[in-house]
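Comments concern the structure below.
There are 2 protein chains.
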Amino acid sequence: MSRAPQKRRLETRARLIEAATAIVARDGPAGLRVEDVVRDAGVAKGTFFSHFEDKDSLLAQLLGEEMHVILAKIATGPVPQTVEELCDVFDPLYEFMARDRFVFDIVMRYSGATAVDEATEIALNFLHQVELLTLWLPEIPGIRRDVDVELLAEGVLAFALNAMGLKFCALHNARSINDRVRPYIRAWLQPGSGEGDHKADADQQDTRDDVGAAQGAG
Amino acid sequence: MSRAPQKRRLETRARLIEAATAIVARDGPAGLRVEDVVRDAGVAKGTFFSHFEDKDSLLAQLLGEEMHVILAKIATGPVPQTVEELCDVFDPLYEFMARDRFVFDIVMRYSGATAVDEATEIALNFLHQVELLTLWLPEIPGIRRDVDVELLAEGVLAFALNAMGLKFCALHNARSINDRVRPYIRAWLQPGSGEGDHKADADQQDTRDDVGAAQGAG
DNA sequence: TTATGAAATTGACCACGGTCATTTTTATAA
DNA sequence: TTATAAAAATGACCGTGGTCAATTTCATAA
Chain A
0 MSRAPQKRRL ETRARLIEAA TAIVARDGPA GLRVEDVVRD AGVAKGTFFS HFEDKDSLLA
60 QLLGEEMHVI LAKIATGPVP QTVEELCDVF DPLYEFMARD RFVFDIVMRY SGATAVDEAT
120 EIALNFLHQV ELLTLWLPEI PGIRRDVDVE LLAEGVLAFA LNAMGLKFCA LHNARSINDR
180 VRPYIRAWLQ PGSGEGDHKA DADQQDTRDD VGAAQGAG
Chain B
0 MSRAPQKRRL ETRARLIEAA TAIVARDGPA GLRVEDVVRD AGVAKGTFFS HFEDKDSLLA
60 QLLGEEMHVI LAKIATGPVP QTVEELCDVF DPLYEFMARD RFVFDIVMRY SGATAVDEAT
120 EIALNFLHQV ELLTLWLPEI PGIRRDVDVE LLAEGVLAFA LNAMGLKFCA LHNARSINDR
180 VRPYIRAWLQ PGSGEGDHKA DADQQDTRDD VGAAQGAG
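As given, the protein sequences belong to chains A and B, one line each in that order.
Taking numbering that gives the first Met the number 0, the leading residue of the first sequence gets 0, the next gets one more, and so forth.
Taking numbering that gives the first Met the number 0, the leading residue of the second sequence gets 0, the next gets one more, and so forth.
Now the structure itself:
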């Protein structure tokens, strides 16, 4: 049984987060230094590590909070009516997660809960994405019904992460995440619907353009 | 134009790799210390970094070589005739890539080529996986024909990586990678074939068991 | 053989994340 | 008010990855 934290501790934690937030806003996530955080927050280094598991843990929390805001906004928007709309709606979140290599690595590393109780903000965000997709997918006309909707939802996320990872691959980074993920999502959600049945894709090459490595973080 | 490396340099490089290989074999990838490597190899620290970009780069090379051996063995084996066989055949490679968190992180990070010329051993391995799948998939009876086979192959890899990542998630680590990936691959490759048409799955719960976060590295 | 410049190597040095025994502060009971 | 124990914070210290100006070794031409 641990007691409730004292007021001083909460204030210290707030100062640490405030200082870190400012540094990240100024120098980007990769520019965060623990020594800078504690200097700006006016505390000792050891204090930092009594509040956060390690540097990346704090960073993951900050990124998770931003992801939460983006996803919350998506969730309150209109339900997409086509696969293309679905991809467009989630695109801002994907672009944030893969804004650069450093961020994407952290997102990936913290995307799963190592223990049931220590779920990170990012892991929760992924759960919420699956929940939202589970709600939305049945609303889209023409969606396959032969597999469970949760399997479908998790599959969408798998393809999305893969497309994000390809952003950092020289062979694929010419196209946007959205353009890379769309063919997969369409084939996953609407098998047998044919390749060219949506005019929105006429302005780009067909799916044969996707040769090269498929991976998650490259 | 850079000249050919001198014999001395090749010998030094060989000694570094030899020392690193021995340490990894003894202490595991996470136990590798640059200072230990250079001590065992009998060179200065700076020499290490004139041969390898950084520590993880060397580690990625060593892991990539092991992956190459495993994949080569898979490639010379018989062509799988069902989705289940396909999953089984690739399983040893997946188990290696996700043998632990540390290894999986490196595999993910190096799975894509940052520049076209600096393709790592791991990135090449992923390309080879796609090539092999592209050859094999059309051989499997009942495989869908409505999308390009390369799209199909890359999708398999995307699901495989996702299933590997789930190994490190408390909500999913009870099942093997193979068990986690199979429902996705089947739904991806054989849409509309129904859920329970393969008796091999009778001994496990159906796909509804897959609730929880879907992600790549959790 | 010798001069010369490039290749290869060196190791002192730095940056930075993380640790932990010690000290200070706070809440609570006598 | 005072004693006491837990909570909170401290900062000197360490481990280790990575840097770079200086040095040594090597290949080549004069």
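C-beta: ideal position from N, C-alpha, C; glycine also.
Considering only C-alpha positions, which residue in the set A157(A), W187(A) and G41(A) is nearest to F125(A)? Taking the first residue of the first sequence as 1, we reach residue 125(A) at position 126. The option with the nearest alpha carbon to F125(A) is A157(A).
E17(B) to V23(B), Cα distance in whole Å? Position 18 of the second sequence holds residue 17(B). Position 24 of the second sequence holds residue 23(B). Rounded to the nearest angstrom, the two C-alpha atoms are 10 Å apart.
Whose C-alpha, out of F167(B), A159(B) and C168(B), is nearest the C-alpha of N177(B)? As a first step, residue 177(B) is located in the second sequence; it is residue number 178 there, counting from the start. If we check each option's Cα against that of N177(B), A159(B) comes out closest.
Chain B contact residues for R14(A), given Cβ-Cβ distances below 7 Å: In the first sequence, counting from the first residue as 1, residue 14(A) sits at position 15. Against chain B, a Cβ distance below 7 Å from R14(A) picks out nothing, because the smallest value is about 30 Å.
As assigned by DSSP and simplified to three states, the class of S56(A): For the purposes of this step, residue 56(A) is taken as the residue at position 57 of the first sequence. Reduced to three states, the DSSP call for S56(A) is helix.
Using alpha carbons as the reference points, say which of V36(B), P91(B) and A59(B) lies closest to F101(B). To locate residue 101(B), count along the second sequence from 1; it is residue 102. Selected option, being the one with the closest Cα: A59(B).
My output table needs one value for G30(B): the three-state DSSP class, helix, strand or coil. Here residue 30(B) corresponds to residue number 31 of the second sequence, with the count starting at 1. The answer is helix: DSSP assigns G30(B) an H, G or I state.
For the alpha helix (DSSP H) containing R2(B), list its first residue and its last residue. In the second sequence, the residue the question calls residue 2(B) occupies position 3. Segment: none, R2(B) is in no alpha helix (DSSP H) and carries neither H nor E.
Taking DSSP as the reference, what is the three-state secondary structure of P190(A)? Working through the first sequence from its first residue, we reach residue 190(A) at position 191. Note: P190(A) maps to coil in three-state DSSP.
Select from A169(B), R7(B), W187(B) and A13(B) the residue whose C-alpha is nearest the C-alpha of D147(A). Taking the first residue of the first sequence as 1, we reach residue 147(A) at position 148. Ranking A169(B), R7(B), W187(B) and A13(B) by CA distance to the CA of D147(A) puts W187(B) first.
Find out if the Cβ-Cβ distance for the pair I121(A), P91(A) is shorter than 7 Å. One-based indexing of the first sequence puts residue 121(A) at position 122. One-based indexing of the first sequence puts residue 91(A) at position 92. No, Cβ-Cβ distance for I121(A) and P91(A) is not below 7 Å.
Can you check whether the CB of V180(B) is closer than 7 Å to the CB of A152(B)? Indexing the second sequence from 1 puts residue 152(B) at position 153. Indexing the second sequence from 1 puts residue 180(B) at position 181. Cβ atoms of A152(B) and V180(B): not closer than 7 Å.
Is there a Cβ from chain A that is less than 7 Å from the Cβ of A112(B)? For the purposes of this step, residue 112(B) is taken as the residue at position 113 of the second sequence. Yes, contact with chain A.
In three-state terms, what does DSSP make of H171(B)? Numbered from 1 along the second sequence, position 172 holds the residue referred to as residue 171(B). Three-state result, H171(B): coil.
At the 7 Å Cβ level, is V115(A) part of the contact set with chain B, yes or no? Taking the first sequence and counting its residues from 1, one reaches residue 115(A) at position 116. By this cut-off, V115(A) is an interface position.
Could you check the C-alpha separation between L15(A) and P137(B) for me, to the nearest Å? Here residue 15(A) corresponds to residue number 16 of the first sequence, with the count starting at 1. Here residue 137(B) corresponds to residue number 138 of the second sequence, with the count starting at 1. Note on geometry: alpha-carbon atoms of L15(A) and P137(B) lie some 56 Å from one another.
With contact counted as at least three CB pairs below 8 Å, one residue from each stretch, are the region 74 to 86 of chain B and the region 45 to 58 of chain B in contact? By the Cβ test, the region 74 to 86 of chain B is not in contact with the region 45 to 58 of chain B, since fewer than three Cβ pairs between them sit closer than 8 Å.
If you check the beta carbons only, do A221(A) and V115(B) fall under 7 Å apart? There is simply no residue 221(A) to check, as chain A begins at 0 and stops at 217 in what is shown.
How many Å lie between G195(B) and P4(A) at the Cα? In the second sequence, the residue the question calls residue 195(B) occupies position 196. In the first sequence, the residue the question calls residue 4(A) occupies position 5. Confidence is the limiting factor: at G195(B) the pLDDT is only 43, short of 50, which leaves the residue's position unreliable, though a coordinate-based value still follows. For G195(B) and P4(A), the distance between alpha carbons rounds to 52 Å.
Anything in chain A within Cβ reach of G164(B), meaning under 8 Å, just list it in chain order. Taking the second sequence and counting its residues from 1, the one referred to as residue 164(B) is at position 165. Residues of chain A passing the Cβ test: M107, S110, G111 and G215.
If you measure beta-carbon to beta-carbon, which residues of the region 126 to 143 of chain A are closer than 7 Å to chain B? Listed in sequence order: L126, V129 and R143.
Hey, is N124(A)'s beta-carbon within less than 7 Å of any beta-carbon in chain B? Stepping through the first sequence from its first residue, residue 124(A) is reached at position 125. No Cβ of chain B is located within less than 7 Å of the beta carbon of N124(A).
Could you spell out where the alpha helix (DSSP H) holding L85(B) opens and where it closes? Walking along the second sequence from the start, residue 85(B) turns up at place 86. It spans V82 to M96 - the alpha helix (DSSP H) in which L85(B) sits, taken as one unbroken run.
Tell me whether E117(A) sits in a helix, a strand or coil according to DSSP, three-state version. Counting from one through the first sequence, the residue named residue 117(A) turns up at place 118. Under the three-state reduction of DSSP, E117(A) is assigned to coil, being neither helix nor strand.
Do you know how far the Cα of G111(B) is from the Cα of L165(A)? If you number the first sequence from 1, residue 165(A) lands on position 166. If you number the second sequence from 1, residue 111(B) lands on position 112. Cα to Cα, the separation comes out at about 7 Å.
Extent of the continuous alpha helix (DSSP H) run through E149(B): In the second sequence, the residue the question calls residue 149(B) occupies position 150. V148 to L165 is the extent of the alpha helix (DSSP H) around E149(B).
Kindly list, in the order they appear in chain B, the residues whose Cβ is closer than 9 Å to that of D90(A). Within the first sequence, the letter at position 91 stands for residue 90(A). None at all; the shortest Cβ gap to chain B is about 18 Å.
Kindly give me the distance between the Cβ atoms of S192(B) and G154(B), rounded to whole angstroms, as I take these residues to be in contact under 8 Å. For the purposes of this step, residue 192(B) is taken as residue 193 along the second sequence, with counting starting at 1. For the purposes of this step, residue 154(B) is taken as residue 155 along the second sequence, with counting starting at 1. Wrong, their Cβ atoms sit about 16 Å apart, outside the cutoff.
Take L134(B) as the anchor and find which of E149(B), K44(B), G30(B) and V82(B) has the nearest alpha-carbon. In the second sequence, residue 134(B) corresponds to position 135, counting from 1. When each option's Cα is compared against that of L134(B), the closest is E149(B).
According to the neighbour-count rule (16 or more other Cβ atoms, all chains shown, within 10 Å of its Cβ), is L31(A) buried or exposed? The residue labelled residue 31(A) in the question sits at position 32 within the first sequence. Looking at its Cβ environment, which holds 16 or more other Cβ atoms inside 10 Å, L31(A) is buried.
Nearest by alpha-carbon distance to A19(B): which of K6(B), A40(B) and R7(B) is it? Taking the first residue of the second sequence as position 1, residue 19(B) is located at position 20. If we check each option's Cα against that of A19(B), A40(B) comes out closest.
Taking only beta-carbon atoms, is V78(B) less than 7 Å away from chain A? As a first step, residue 78(B) must be located in the second sequence, where it is residue number 79. Not an interface residue.
For S56(A) and T11(A), I'd like the C-alpha separation in whole angstroms. Taking the first sequence and counting its residues from 1, one reaches residue 56(A) at position 57. Taking the first sequence and counting its residues from 1, one reaches residue 11(A) at position 12. Each residue's alpha carbon lies about 17 Å from the other.
Quick check on this structure: which residue in I105(A), R25(A), V82(A) and R144(A) has the alpha carbon closest to the alpha carbon of I184(A)? Within the first sequence, residue 184(A) is the residue found at index 185, counting from 1. Of the candidates I105(A), R25(A), V82(A) and R144(A), V82(A) places its Cα closest to the Cα of I184(A).
Which residues mark the beginning and the end of the alpha helix (DSSP H) in which V106(A) is found? Position 107 of the first sequence, counting from 1, holds the residue named residue 106(A). Per DSSP, V106(A) belongs to the alpha helix (DSSP H) from R100 to R108.
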